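S.K.:
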Amino acid sequence: MKKIIFLFLMVLGGLKSQSSYCSDFCEGTPESRIPPMGFHFSFVHSVKYYLQDPQERDHKLKKCHQAFDSTLKVNFITKSFKKDCKHAQMALEQAQQKAP
26 MKKIIFLFLM
36 VLGGLKSQSS
46 YCSDFCEGTP
56 ESRIPPMGFH
66 FSFVHSVKYY
76 LQDPQERDHK
86 LKKCHQAFDS
96 TLKVNFITKS
106 FKKDCKHAQM
116 ALEQAQQKAP
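Residue numbering for the sequence shown is 26 to 125, as defined by my numbering.
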């Protein structure tokens, strides 16, 4: 099982390294090449955490927007990243409601 996981990670790493590389003699158009890949993972923080740290909340929301809005990448987004983005968004909404 460890060998299969290791092999999968090697293939994924190879695809990522090849996706953005192009020498002077590239064949095909940029649209026909493999797009760059993005992997998004984070540990889930609570809404309270993001309410206490607005800078971290803004940083997380920026990463979330980049991950969900990018069209030039193949994005692998984990469930924990989605949940963390949701918590950051909820904290932003709560902070805006409390502010006059």
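Beta carbons are placed, not taken as given, at the ideal position from N, Cα and C, and that holds for glycine.
Quick caveat: nothing in here was measured; it's all calculated off a predicted structure.
1) Short check: CB of Val36 to CB of Gly63, under 9 Å?
2) What does Phe31 pair with, by DSSP beta-bridge criteria?
3) May I ask you to list the residues that DSSP assigns as paired with Val69?
4) Would DSSP call Met26 helix, strand or coil?
5) Can you find the residues in the same chain that come closer than 6 Å, C-beta to C-beta, to Val72, ignoring five residues on each side of it along the sequence?
M.R.: The short version:
1) Not in contact: Val36 and Gly63 (Cβ atoms no closer than 9 Å).
2) According to DSSP, Phe31 bridges with nothing at all.
3) DSSP lists no partner for Val69.
4) Of the three classes helix, strand and coil, the one that applies to Met26 here is coil, per DSSP.
5) Excluding residues within five positions, the ones whose Cβ falls inside 6 Å are His112, Met115 and Ala116.
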